[in-house]
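Just so it is clear: in the sequence shown, position 105 is 135 by this note's numbering, and no numbers are missing. Beta carbons are placed, not taken as given, at the ideal position from N, Cα and C, and that holds for glycine. Let me begin by presenting the structure, written as structure tokens, before commenting on it.
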Amino acid sequence: MLKREQWLHLARKLDWEYSYVREEEVFPEVISGHPWLPHAEWQEWEEAFKTSYREYVDNQYEKDSAVYAVRDAVGRLKDVQKLAIPWINGLKMHAAVLPLAEFTGVTGNLRGARFGRDSAWRTMATFGALDEFRHTQIPLLLLHELVRWDAQFDWTHKFHHTNNWVAIAVRHLFDELTMGQNAIEFHIATNVVLETGFTNLQFVGLAALADKAGDHMFEKMVTSIQTDEARHAQIGQPVLATVMKHDPAYAQYLLDKWFWRNWLLISILTGFSMDYLTPLEQRPYSFKEFMEEWIIDQFVRTLDEFGLKKPWYWDTFLEELEIYHHMVYASAYTYRATLWFDCAVPSPAERKWLRQKYPKYWDSMAAVWEQIEERWRKVGPGSENEMAVHGTTMVTFCDLCQLVLCNGTPRKNAANTLVSNGRKYIFCSEPCRWIFLQEPERYANHQEVVKRILTGEAPARLPDLLTKYFQLTPETWGKDMYSGNYEWLSGKTTGTVSE
Ligand code: MN
Ligand code: MN
């Protein structure tokens, strides 16, 4: 029998010349991507893993078995019930946003599996598609058991099929990133920017956090998913290297665009988890520290390796690290009935921790929480008072990222407007406006939630919007985790005075 190294290269490199069609017809630029180059420019395409199908199946089988073993040992309903309430709500948040976003990654990878420009690339993208199936199925399976205990876990599957405002924003991102994308932009945006840039290390960080929080099922799940990502994220690098060689300005554009788009969502998910939804005594680091120590250095190193520059808005991004997810969390708490998980007011001890970790802008955030605290003190605890401590006026959303206008600081919001083709647009930040202006035809006709209300597509009254459009129910919509019943609230000290 032939040895692996005798046949693997041949099996990976199965490109041939076409006799009755042109290469441009087999790989049209519109779906294979820009720059369009003859195969000769791609034939050196290689990545580090060089897995065969047989090895792939053996490996994945073992990884799945390990996940099931951990599930049977420590991943049952009774184990989840023992976890801290904030952590369980962080679990609900991740569980809803990620599995079906992973599923869109199947489509993106299959685009590479057909329209990638070299056979080795197409083979790896096929494994990438199988990986993303697995990343969809594992969380759906593991969390299914929890639905009968807590109906909010039903959103693990339901979320992406609703018009909930967060789902609209998440779909807006992933539909562009993975579903409606050509092979080149998909692999650069997903493998290089999202996976190598953020999630690969973020999964390691989340696993460490889960370990501290005692959630070994979640830890095992993200670790197992991360090992797939570490492999298929390698597809992006040789794609980017070739694009850099032929059109470096375009490579820089893709990087600048996708770093910003991915950053906004990651900062919300990971920022909420690390700074609010992990119990204080179990937090190993703040989100900002995590970003500085794990993500930013290695991202800048990747840019250097490819001869790319930092995105033009880098200073804005570093400012955002101080404040953006705090603004979104305060907004999420204020409008918690629009979510499918519960939120809590940070305690005086947590606010003290947040002040130490985020000295630059915490004063203005503290003022927001003092107002909320005052409101609870006035109306008294109890689920019947939820709506007395809740926003009533409609917030506004960004015409690019579809998220609430929470960029800038409480004193100076970064929202800005644009009139294009007679229509007025609003953006949460300069980079969102810049992305819109690069490809207006891609974004111009999408309507954020407020415009849907104005055109009558979505109901204007908040209770109708929640139930009829966001598909929540009084049972599932987000509440204060403790119904305003905080030990520290009943005493005389406030969040500020106790410092
Ligand atoms: Mn994945
Ligand atoms: Mn992936």
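Closer than 7 Å to some heavy atom of ligand 1: that does not describe the Cβ of G227.
Spatial neighbours of D205 in its own chain (CB-CB distance under 8 Å, excluding positions within 5 residues in sequence) are listed in chain order as T134. In this structure the region 303-320 touches the region 376-391; the number of beta carbon pairs closer than 8 Å is three or more. Distances between the C-beta of T220 and the heavy atoms of ligand 2 include at least one below 7 Å. Taken from the Cβ of D161, at least one heavy atom of ligand 2 lies inside 7 Å. One Cα belongs to V56, the other to K188, and the distance between them is close to 37 Å. The beta-carbon distance between L203 and R101, rounded to whole angstroms, is 30 Å. This is too long to meet the 8 Å contact definition.
Excluding the 5 residues flanking it on each side, F228 has same chain C-beta neighbours closer than 7 Å at N292, I296 and I325, in chain order. Taking 7 Å as the cut-off, the C-beta of E259 counts as close to a heavy atom of ligand 2. Ligand 1 has no heavy atom closer than 7 Å to the beta-carbon of E335. In this structure, the beta-carbon distance from N437 to Y365 does not fall below 8 Å.
Judged by DSSP secondary structure, I326 falls outside any alpha helix (DSSP H); it is assigned neither H nor E. Exclusion of G235 from the 7 Å shell around ligand 1 follows from its C-beta lying no nearer than that to any non-hydrogen atom of the ligand. Separation of Y359 and V87 (C-alpha to C-alpha, rounded to the nearest whole angstrom) is 41 Å. The way I'd put it, the region 167-177 doesn't touch the region 63-76; fewer than three beta-carbon pairs between them come closer than 8 Å. Closest option to H420, judged by alpha-carbon separation, among Q432, M123 and D510: D510. In terms of Cα proximity to A199, the closest of T506, P440, V97 and L430 is L430.
By the Cβ test, the region 213-220 is in contact with the region 142-152, since at least three Cβ pairs between them sit closer than 8 Å. Around the beta carbon of E74, fewer than 16 other beta carbons lie within 10 angstroms, which makes this residue exposed. When C-beta atoms of the region 237-249 are compared with those of the region 126-144, fewer than three pairs fall below 8 Å, so the two segments do not count as touching.
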